[in-house]
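Just so we're aligned, residue 102 is where the sequence shown starts under my numbering, counting upward by one. Here the structure comes first, spelled out in structure tokens, and everything after it is commentary.
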Amino acid sequence: MRPTSRAVRSGLILLTGVLGAGVITAPAQAAATGVVSAPNGIGTLRFTAAAKTKNKLVVTRSGSTVTFDDRVRLKAGKGCKAVKGDSTKVRCSHVDLNSMVEVYLYDGNDSFTNRTALRTRVYGGSGNDAIAGGSSTDELWGGSGNDRIWGNGGNDSLIGDSGNDVLSGGTGVDNLYGGATGRDVLYGGSGNDTLNGGSAADRLYGNGGDDWMDGGTGSDLIDGGSGTRDTVVYWERRKPIVADLDGKADDGEKGERDTITTTVEGLHGGLGDDILTGDGRANFLTGDSGADHLFGGGGDDELRGHGGTDLLDGGSGDDLLNPDIGESESGDDGPTVIDPIAADVVRGGPGVDTVVYTNRVRTPVTVDLDGEVGDDGRAGEGDTVGADVENIVGTIQADRLTGNDSVNQIWGGAGDDVIAGLGGADLLYGEDGDDDLSGQDTAGDQSDLLDGGSQYTATGDVCRVFPLDLAVNCER
């Protein structure tokens, strides 16, 4: 099977709709009595609380009617009606599932509960608020104060703002941001969530799903939960990061003292010269820019250098190593993968390692597995692929790919490739294009498989067989 790079979730996800142009802006002045209205027709239902009032608002829906129920008196505004005999209720009719509920709670210690499938946008104001979303997509702001926010169902965005807040995402793919200040506690829930702390000492718990977690600059506790690809991110940090997965308070910038628990699988560095270390499980380490050192340890790891002159060491296990730009790497037991641009050095180690040039779309490459210095890559590139690498994946151009005396697997990719296995029982795959394949086992005691793949023109593929070789999909 041709090796492919695992999908990588790259970059922190911004809190959509709330940290960009859609930031909630409360009305300039609170009303004397809480008002429920549909100012723009049935598309938006709006509740505006009165000043110095402790609200306990519950929103329910029956058919096309939505009811706002509070502990204090409410006033019906445009498009809504008061409920006879109950001054704390207002109903709005002719509502469909595309409608949105907007709530502005202001300065009391308020609570809000959405028991509908309507989208909600809530601003808690300055009190210590309790805000619970519904089963749809919610945008929930605590405002100042020590708030508790639950997203419940749907793909929600929860923002604590200032104060010591507790945020719980619930089900769905949620974005949680504790706020720049305050000692916040964030719980991700069952989806693939994004958790962001602030400058104080926060606690982040991914729980279920494969989560991305950025604790911020304080001394944070970060726990991945039950996912298999939870990642701690030091996105855009300019100072060097040192981080590992041993559960000790020794991670982050110098003196930061984050604690990354053993339930986290991935680390993502910043802009400085970082040192990231995995453990005995399958880890996912990304250096980003800077001259980074990545150590996978045991397990089947995926290491990516990205920008900078990086060192990638997969350790034991079947590892996937992708330095990107000007890196030197080694892997003890697994596939070594490079997406080379500068003069790279690839050392495979004792495992079954693979060098990959699949991202090249404009220029062909010449690669051999002889360990000679500077003779691999595109013309003038000067890559060095070690003799302890066993496999090659070419580009979509016309490549020249040559194995060694080990058991090699070589994939040409698209393009009219020239592939030679040399010694060992090799598997050569021309794939698309009119290719020239040769086992070249001069001793004649090894059995190579030559597969021309799909022909590009009527000319077809050439397979040069030696004794014991098997050729398929070859036209010549």
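Glycine included, C-beta positions come from ideal geometry on N, C-alpha and C.
Buried versus exposed call for residue i [16 or more other C-beta atoms within 10 Å across all chains shown]
i, result
"aspartate 197", "exposed"
"leucine 569", "exposed"
"glycine 186", "exposed"
"valine 333", "buried"
"histidine 369", "buried"
"serine 165", "exposed"
"aspartate 527", "buried"
"leucine 571", "exposed"
"asparagine 264", "For clarity, residue 264 is glycine in the given sequence; the question names asparagine instead. The residue is buried, with at least 16 neighbouring Cβ atoms inside 10 Å."
"glycine 141", "The residue asked about is misnamed: residue 141 is asparagine in this sequence, not glycine. Asparagine 141 is exposed by the Cβ-count criterion."
"valine 490", "buried"
"glycine 378", "A small fix is needed here, since residue 378 is threonine in this sequence, not glycine. Flag for threonine 378 reads buried."
"alanine 139", "buried"
"aspartate 542", "buried"
"aspartate 546", "exposed"
"glutamate 354", "buried"
"histidine 195", "exposed"
"valine 446", "buried"
Coil, strand or helix - residue i by DSSP
i, result
"leucine 372", "coil"
"histidine 603", "Any question about residue 603 goes unanswered here, given that the chain covers just 102 to 577."
"aspartate 171", "coil"
"alanine 572", "strand"
"glycine 123", "For glycine 123, the pLDDT reaches just 43, beneath the cut-off of 50, and the residue's location in the model is therefore unreliable, leaving the point undetermined."
"aspartate 538", "The sequence given here places leucine at residue 538; aspartate does not occur at that position. Looking at leucine 538 - three-state DSSP - the assignment turns out to be strand."
"leucine 287", "strand"
"arginine 192", "strand"
"leucine 377", "strand"
"tryptophan 242", "strand"
"glutamate 473", "coil"
"phenylalanine 148", "strand"
"lysine 157", "strand"
"lysine 355", "coil"
"glutamate 337", "coil"
"tyrosine 530", "strand"
"alanine 521", "strand"
"glycine 112", "Its pLDDT being 38, under 50, glycine 112 is placed unreliably in this model, and the value from its coordinates should be taken loosely. Three-state result, glycine 112: coil."
"alanine 218", "coil"
"alanine 302", "coil"
Of the listed residues the options, nearest to residue i (C-alpha basis)
i, options, result
"aspartate 311", "Asp324, Ser188, Arg284 and Ser245", "Asp324"
"glycine 373", "Thr166, Gly406, Leu470 and Leu296", "Gly406"
"aspartate 303", "Asp315, Asn293 and Asp294", "Asp315"
"alanine 383", "Arg330, Gly371, Thr360 and Gly356", "Arg330"
"proline 232", "His195, Trp251, Ile493 and Asp536", "Note on identity: in this sequence residue 232 is isoleucine, with proline being the wrong assignment. The residue with the shortest Cα to Cα distance from isoleucine 232 is Trp251."
"aspartate 402", "Ile511, Ala151, Leu421 and Ser163", "Leu421"
"serine 300", "Asp294, Arg284 and Ala218", "Arg284"
"asparagine 276", "Gly309, Asn509, Asp257 and Thr149", "Asp257"
"serine 227", "Thr503, Thr145, Gly243 and Gly289", "Gly243"
"threonine 189", "Tyr205, Gly178 and Asp170", "Asp170"
"glycine 472", "Thr459, Thr503 and Thr496", "Thr503"
"valine 462", "Ala151, Asp469, Asp500 and Gly356", "Asp500"
"glycine 348", "Gly356, Ile342, Ile376 and Asp380", "Asp380"
"valine 453", "Gly415, Gly307 and Gly475", "Gly415"
"threonine 214", "Asp352, Leu175, Val160 and Thr464", "Val160"
"asparagine 253", "Lys176, Ser237, Lys155 and Thr134", "Ser237"
"aspartate 506", "Asp230, Gly495, Gly522 and Thr154", "Gly522"
"threonine 154", "Ser539, Val508, Leu175 and Leu470", "Leu175"
"alanine 480", "Thr467, Val474 and Tyr207", "Thr467"
"valine 274", "Thr295, Asp411 and Ser417", "Thr295"
"glutamate 357", "Leu412, Gly290 and Ile342", "Ile342"
"tyrosine 224", "Val267, Thr217, Glu203 and Gly298", "Glu203"
"tryptophan 336", "Tyr288, Asn229, Asn308 and Gly391", "Gly391"
"aspartate 208", "Asn308, Asn297 and Ala150", "Ala150"
For residue i: DSSP bridge partner residues
i, result
"glycine 235", "Answer is none; glycine 235 lacks a bridge partner."
"asparagine 492", "Thr455 and Gln510"
"asparagine 253", "Answer is none; asparagine 253 lacks a bridge partner."
"phenylalanine 213", "Leu158 and Ile232"
"isoleucine 497", "For isoleucine 497, which the question treats as bridged, DSSP gives no partner whatsoever."
"asparagine 141", "Ile143"
"glycine 367", "Thr332 and Phe385"
"asparagine 297", "Tyr278 and Asp315"
"isoleucine 342", "None, per the DSSP bridge assignment."
"glycine 478", "Thr467"
"valine 267", "Arg249 and Val286"
"lysine 176", "Val136"
Supposed close pair residue i, residue j - CB separation, criterion 8 Å
i, j, result
"glycine 602", "aspartate 536", "Because the chain here runs from 102 to 577, residue 602 falls outside it and cannot be looked at."
"glycine 514", "isoleucine 497", "5 Å"
"glycine 292", "glycine 261", "So it is not a contact: roughly 19 Å between Cβ atoms."
"leucine 146", "cysteine 193", "5 Å"
"valine 167", "glycine 135", "15 Å between Cβ atoms; not a contact."
"aspartate 549", "asparagine 574", "That belief does not hold up - the Cβ atoms of aspartate 549 and asparagine 574 are roughly 14 Å apart, past 8 Å."
The ligand ADP heavy atom lying under 8 Å from the CB of residue i
i, result
"leucine 377", "This structure does not include the ligand ADP; it has no bound ligands of any sort."
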